[in-house]
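Participant:
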Amino acid sequence: MLLLLHGALLLGWNNVLSRGLLVSHLGLFLLWQPIWRGEKKLTPASGLMVVSVGLLFLLWINWWLIALWLSLLIGLIGGNVFATQGRASRWFYLTAELYLMGALLVWVVPHLLGQGGVPQAASAIMYFGLPLFIFGMVAIPAREEPQELQSIDFFYSLLLFLLMVVLVLGSFALKVEAHEDYLTALSSALLIAALVLLGLSWFWSPRGGFAGLEQIFSRYLLSIGLPFEQWLHRLAQLSENVADPRDFLKLAMAGLADLPGIIGGEWQSSDGSGRFGETGNSQAHFESPPLFLVLYAKSPLSPALRLHFNLLVQLMGAFYQAKRREQMLEQHAYLQAVHETGARLTHDVRNLLQSLKALCAAADHGQNGEGCSLQSLFARQLPRITQRLEQALDKLRQPAREESFSFVESLDWWEALRQRYADENLQFEQSGNFANLPIPTELFDSVADNLLQNALEKRKLENSLNIGVVLTLTPGVTLRVCDDGRAVDEKLASRLFTAPVASHNGLGIGLYQSGKLAAQQGYELHLTDNETGHVCFELRDRTSPRKELQKPPEPHQA
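When we follow our numbering, the leftmost residue of the sequence shown carries the number 775, and every step to the right adds one.
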């Protein structure tokens, strides 16, 4: 394209061949131009404009028209330089820029002046120097750029076009008014333009306390006709009012259709896909994983607009991810509550079954003369078992309801515990001043049943295991369950009360739930001794002093 233009410039406009080269140049320009995409069909108005430009170059071609055309090419290619990310492509466009500027200032402008012809040095540069730039462009390796990046920046293109117009007209004015030679006029125009740009760069960000043009111009760039603040305000409102991620994304996408220049779009996320508005030929792709968005615009988006829309998509993706994490946390919390409630109820029901089995065993082994004592035992135990079963059913009906703790006299609870485990060969012992202190029923039932059931399961593996239960009533209430078996594994012991553990005969969550229940009611549940021959668990009031534990009492010999 540039080689044909170079040949047409050298031949002049009185030659038919030069006009043919210029028409061929225009045809190649239409193939390269970044304004219309190659797959887009031209409208009748666009086709008429292309034909009109071609006829204009054929019939009324002159140096002023060529100067205007070269200035337009410099602006278009310069806009491509700022929109291109590849280093090879950037050097390619910069080389083309240097050639066009050289052709304009060295060859075209001297012909515009028309006095004394073109300087001999300028002719040498045009014939032998500028073609080197064209051949240098051929030597630059081609790198294919993503299609969405092959667009020009209108602002930079317009700025370069106006700068070239100022240089051309300034050189022309200095040549005519000051009656200087062309080289002096061009140097003066370049010097004046450089001084103006230097002054603007200083006023852009001065050091004297003045805010400068940067703040004013940045405000303009941040708006660019976009209702940016309104859209952000709407996005913040949606994040507060809409809980479901899919609904939030759908409403936020619908808001993008109200932005100027956007006619529609499509998106795809982890929760599905959707679309809004209409489709178009000008599209831009954005992503903020797991959100992928395609926006359809009335015209190709400039790099500045792409930057703004990319920021919008990043913000929308961040809010969307936060909504998804919030939803996942709610689901995990619900599943954890269901699991913990179910496991806790399972342990409660199992302990109730153990109590019922103990009562049934007492009834089976009772003598004829023990009817009154058995009846008294049933009268005391069955109401308590019924009450505990009702509490378990209440938790199942309303698992999220805040629990209300019931209390019982410590000596009454202690006597009931001894009767429930009377046939299990356990050694019970009391210490302290035996004050009848109130204790939380559910907590002590849960802890005692879990500890004793675990000890009884351990006895199945160690037949000669001795199990002792100690209740201390001064100054607070302390319950200890000890045995003389093997120590608990260290890794298992460190997690007994902080997380569910693996269990071969249960859910592995009994002591974890008991520890949480103890913490809620002002108690502590610990494994105080963990040595082979002396393993002891302790439930104590936080106000009770910690005492040195004694070995479990020996069971009575038969």
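Every residue gets a Cβ at the ideal spot worked out from N, C-alpha and C, and that includes glycine.
What would DSSP say about G1038, mapped onto helix, strand or coil?
Facilitator: It is a strand residue.
Participant: Would you list the residues sitting across from S1056 in a DSSP beta bridge?
Facilitator: According to DSSP, which records beta bridges pairwise, S1056 is partnered with A1071.
Participant: Where DSSP assigns a beta bridge to H1308, which residues make up the other side?
Facilitator: Partner(s): E1305.
Participant: Taking DSSP as the reference, what is the three-state secondary structure of Y1094?
Facilitator: Helix, per DSSP.
Participant: Rounded to the nearest angstrom, what separates L933 and V939 at their Cα positions?
Facilitator: Going from the Cα of L933 to the Cα of V939 covers about 10 Å.
Participant: Between G1038 and E1052, which are expected to be in contact by the criterion C-beta below 8 Å, what is the C-beta distance as a whole number of angstroms?
Facilitator: About 4 Å; that satisfies the 8 Å criterion.
Participant: Would the stretch 1263-1273 and the stretch 1233-1248 be scored as touching if the rule is three or more Cβ pairs under 8 Å?
Facilitator: Result no; under three Cβ-Cβ pairs closer than 8 Å.
Participant: Do you know offhand how far G1284's Cα is from A1196's?
Facilitator: Approximately 23 Å, taken between the alpha carbons.
Participant: What do you reckon, are the CB atoms on G860 and Y930 nearer than 9 Å?
Facilitator: It is not a contact, given that the beta carbons lie outside the stated cut-off.
Participant: Measure the C-alpha to C-alpha separation of I914 and S962 and round it to an integer number of angstroms.
Facilitator: So the two alpha carbons sit approximately 34 Å from each other.
Participant: Which residue marks the beginning of the beta strand (DSSP E) containing E1183, and which one marks its end?
Facilitator: From DSSP, the beta strand (DSSP E) with E1183 extends over F1181 to E1183.
Participant: Are the beta-carbon atoms of L960 and L941 separated by less than 9 Å?
Facilitator: Yes. Within cutoff.
Participant: For the alpha helix (DSSP H) that contains R861, what are its first and last residues?
Facilitator: Segment R861 to A877, the alpha helix (DSSP H) holding R861.
Participant: What does the alpha-carbon distance come out to for the pair G1046 and K1131?
Facilitator: About 55 Å.
Participant: Is the separation between the beta-carbon of V882 and that of L783 shorter than 9 Å?
Facilitator: Yes, the Cβ-Cβ distance between V882 and L783 is below 9 Å.
Participant: Out of N1210, A1190, E1216 and Q807, which one is the CA nearest neighbour of P1249?
Facilitator: Here the closest residue by C-alpha is N1210.
Participant: Note down the Cα distance separating V1255 from Y1286, rounded to an integer number of angstroms.
Facilitator: Going from the Cα of V1255 to the Cα of Y1286 covers about 17 Å.
Participant: What would DSSP say about I755, mapped onto helix, strand or coil?
Facilitator: Given a span of 775 to 1332 for the chain in the structure shown, any question on residue 755 remains unanswerable.
Participant: Evaluate the contact criterion for the stretch 1089-1096 versus the stretch 1073-1080: three or more CB pairs, one atom per stretch, below 8 Å.
Facilitator: Too few Cβ pairs lie closer than 8 Å, so no.
Participant: Taking the CB atoms as reference points, tell me whether I966 and L777 lie closer together than 9 Å.
Facilitator: No, Cβ-Cβ distance for I966 and L777 is not below 9 Å.
Participant: Could you spell out the range, first to last residue, of the beta strand (DSSP E) harbouring S1205?
Facilitator: Taken as a continuous stretch (DSSP letters only), the beta strand (DSSP E) holding S1205 covers Q1201 to S1205.
Participant: Where does W1188 land, buried or exposed, given buried means 16+ other C-beta within 10 angstroms?
Facilitator: Under this definition W1188 is a buried residue.
Participant: Provide the residue span of the beta strand (DSSP E) that contains T1252, from first to last.
Facilitator: Its beta strand (DSSP E) spans residues T1252 to D1257.
Participant: How long is the line joining the alpha carbons of R1316 and Q1201, rounded to whole angstroms?
Facilitator: Approximately 26 Å, taken between the alpha carbons.
Participant: Starting from the C-beta of L1185, find all residues in its chain whose C-beta is less than 6 Å away, skip the five residues before and the five after it, and write them out in chain order.
Facilitator: N1210, listed in sequence order.
Participant: Can you find the residues in the same chain that come closer than 8 Å, C-beta to C-beta, to V827, ignoring five residues on each side of it along the sequence?
Facilitator: Excluding residues within five positions, the ones whose Cβ falls inside 8 Å are L800.
Participant: Expressed to the nearest angstrom, what Euclidean distance is found between the alpha-carbon atoms of A1190 and V1123?
Facilitator: About 18 Å.
Participant: Determine the extent of the beta strand (DSSP E) in which L904 is found, giving its start and end residues.
Facilitator: Not the beta strand (DSSP E): L904 falls in the alpha helix (DSSP H), residues L904 to A913.
Participant: Name the residue from T1215, E1231 and Q1227 whose alpha carbon lies nearest to the alpha carbon of L1291.
Facilitator: For the residues T1215, E1231 and Q1227, the minimum Cα distance to L1291 belongs to T1215.
Participant: Using the C-alpha atoms, what's the distance from S820 back to P1064?
Facilitator: Going from the Cα of P1064 to the Cα of S820 covers about 40 Å.
Participant: Measuring straight from C-alpha to C-alpha, what distance separates L1119 and F1152?
Facilitator: Their backbone Cα atoms lie some 24 Å apart in a straight line.
Participant: Quick one: what does DSSP say S1047 is sitting in, helix, strand or coil?
Facilitator: Note: S1047 maps to strand in three-state DSSP.
Participant: Around the Cβ of E751, are there at least 16 other Cβ atoms within 10 angstroms (buried) or fewer (exposed)?
Facilitator: Missing from the structure shown is residue 751; the chain here goes from 775 to 1332 and no further.
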